[in-house]
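Quick note on numbering: the sequence shown equals residues 11 to 115 in our numbering. Heads up, the beta-carbon is just placed ideally off N, CA and C, and yes, glycines get one too. What follows is a set of notes on a single structure, which appears directly below.
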Amino acid sequence: MDSADNRTGNQTAYVAPSSTFITADGKYVTIAASTPNIWERLCTAIGRPELPTDARFKTNALRLERREEINGIVGDWMAQHTRDYVLGHFDEHKVAYSPIFDISD
Numbered sequence: 011m012d013s014a015d016n017r018t019g020n021q022t023a024y025v026a027p028s029s030t031f032i033t034a035d036g037k038y039v040t041i042a043a044s045t046p047n048i049w050e051r052l053c054t055a056i057g058r059p060e061l062p063t064d065a066r067f068k069t070n071a072l073r074l075e076r077r078e079e080i081n082g083i084v085g086d087w088m089a090q091h092t093r094d095y096v097l098g099h100f101d102e103h104k105v106a107y108s109p110i111f112d113i114s115d
């Protein structure tokens with residue numbers, strides 16, 4: 011467990027990209043690209059298949075160093091699509107995710 015001095019909010023301290031992202035319709039989806047395969051499938055799904063070989067993001071350790079940047083790339087893509095689209099699209103690409111439901115859901 012992280013100490014109070016190392017809180018990471020919706021992110022996991024050990025994986026990047028990881029966070030809760032807002033979609034175009036104001037809904038939330040959480041992801042954690044916890045394996046190289048999930049990372050590669052995520053990149054393909056968001057139309058950025060070059061990212062896994064980009065020297066800045068090639069390993070999880072490197073992605074953690076640039077967590078804000080990589081979460082921003084994923085977040086920008088998510089913000090352009092509705093939650094239903096994201097979920098269906100991620101299913102098609104076998105990207106691990108979880109929708110976050112509110113009372114209306």
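State the CB to CB distance for the pair residue i and residue j, rounded to an integer number of angstroms; the pair is presumed to be in contact (CB under 8 Å).
| i | j | result |
| --- | --- | --- |
| residue 68 | residue 59 | Actually they do not touch by this definition, with Cβ atoms about 14 Å apart. |
Between which residues of its own chain and residue i is the CB-CB distance below 6 Å, once the five residues before and five after are set aside?
| i | result |
| --- | --- |
| residue 101 | none |
| residue 27 | 43, 80, 81 and 84 |
Can residue i and residue j be called in contact, C-beta distance under 8 Å?
| i | j | result |
| --- | --- | --- |
| residue 33 | residue 71 | no |
| residue 103 | residue 55 | yes |
| residue 105 | residue 52 | yes |
| residue 76 | residue 66 | yes |
| residue 31 | residue 25 | no |
| residue 37 | residue 73 | no |
In the DSSP assignment, what are the bridge partners of residue i?
| i | result |
| --- | --- |
| residue 108 | 40 |
Mind checking which residues open and close the alpha helix (DSSP H) that includes residue i?
| i | result |
| --- | --- |
| residue 48 | 46-55 |
| residue 76 | No alpha helix (DSSP H) holds residue 76; DSSP gives it neither H nor E. |
| residue 96 | 93-103 |
Which residues mark the beginning and the end of the beta strand (DSSP E) in which residue i is found?
| i | result |
| --- | --- |
| residue 31 | 28-32 |
Kindly list the residues whose CB is nearer than 8 Å to the CB of residue i, restricted to its own chain and excluding five residues on each side of it in sequence; keep chain order.
| i | result |
| --- | --- |
| residue 110 | 30, 37, 38, 39 and 40 |
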